[in-house]
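In our numbering, the protein residues as written are 330 to 484.
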C-alpha cells in the first residue's frame with residue numbers, strides 16, 4: 330500500500346498570498362472610501378453638518394450648471410454621497426458583507442465618475458477609473474477574505 334507523500338510547504342501555504350493581497354486591498358479601499366466621505370464635511374479646517382450641506386450644494390449646483398443633469402438629480406446624489414461613502418467605507422474596513430460592500434462602492438464611484446464625465450472633467454474621471462479598477466480586482470479576490478466580521482451568505 331502506497332502512502333501519500335508529504336505536502337510540500339509551498340502547497341500547504343497556498344492561497345496565503347491571495348488572502349494578504351485582498352486584506353491590503355480591503356484596508357486601502359475601506360480607508361479611502363471612509364476618508365472620501367469624511368472630507369466632504371470639511372470647510373476651512375472645520376468639520377460639520379452645515380459645512381457638508383454647503384459643500385454638497387455647491388457641488389450639485391456646479392455639476393448642474395456645467396452639464397445636462399438636472400438640479401434635483403445632482404442635489405439628491407450630492408446630499409447622500411458623503412453618508413454612503415462613510416457607511417460603505419466602514420463596512421469594507423470591518424469586513425461586513427464584503428462582496429456587497431465592494432459592489433456598492435464600485436457603483437458609488439461609477440456614479441461619481443458619471444457626474445465628472447457630464448462636466449467633461451477627464452482628470453477626475455481617470456482617477457475614479459483607477460479606483461473602479463482596483464475595486465474590480467478586489468471583487469475578484471473577495472473569495473480570499475479570511476478576516477471579516479460578517480461574511481456573505483453563500484460563503
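Think of the CB as a built atom: it goes at the ideal place given N, C-alpha and C, for glycine as much as any other residue.
Evaluate residue i with the Cβ neighbour count: other Cβ atoms within 10 Å of its Cβ, from every protein chain shown; 16 or more gives buried, anything less gives exposed.
i: residue 471; result: buried
i: residue 427; result: buried
i: residue 359; result: buried
i: residue 353; result: exposed
i: residue 379; result: exposed
Return the bridge partner residues of residue i from the DSSP annotation.
i: residue 479; result: 425
i: residue 371; result: 376
Please report the distance separating the alpha-carbon of residue i from that of residue j.
i: residue 445; j: residue 386; result: 16 Å
i: residue 389; j: residue 356; result: 30 Å
i: residue 450; j: residue 381; result: 22 Å
i: residue 480; j: residue 407; result: 30 Å
i: residue 361; j: residue 430; result: 14 Å
i: residue 377; j: residue 400; result: 23 Å
i: residue 394; j: residue 405; result: 15 Å
i: residue 485; j: residue 370; result: Not covered by the structure: residue 485. The range shown for the chain is 330 to 484.
i: residue 466; j: residue 346; result: 14 Å
i: residue 468; j: residue 368; result: 25 Å
When you compare the CB of residue i with every CB in chain D, is at least one pair closer than 7 Å?
i: residue 391; result: Here there is only one protein chain, and chain D is not present.
Is the beta carbon of residue i less than 7 Å from the beta carbon of residue j?
i: residue 435; j: residue 454; result: no
i: residue 372; j: residue 384; result: yes
i: residue 418; j: residue 363; result: yes
i: residue 366; j: residue 414; result: yes
i: residue 438; j: residue 461; result: yes
i: residue 348; j: residue 477; result: no
Less than 8 Å between C-beta atoms, sequence neighbours within five positions excluded: which residues of the same chain meet that for residue i?
i: residue 350; result: 470, 473
i: residue 392; result: 398, 403, 407, 444, 447, 448
i: residue 412; result: 366
Does the beta-carbon of residue i, which I'm using as the reference point, lie nearer than 6 Å to any heavy atom of the ligand COA?
i: residue 400; result: The ligand COA is not part of the structure shown, which contains no ligands of any sort.
Starting from the C-beta of residue i, find all residues in its chain whose C-beta is less than 6 Å away, skip the five residues before and the five after it, and write them out in chain order.
i: residue 442; result: 454, 457
i: residue 452; result: none
Residues in the same chain with beta-carbon distance under 7 Å from residue i, minus the five sequence neighbours each way, listed in chain order, please.
i: residue 396; result: 447, 448
i: residue 421; result: 355, 358, 359, 362, 427, 430, 431, 434
i: residue 440; result: 406
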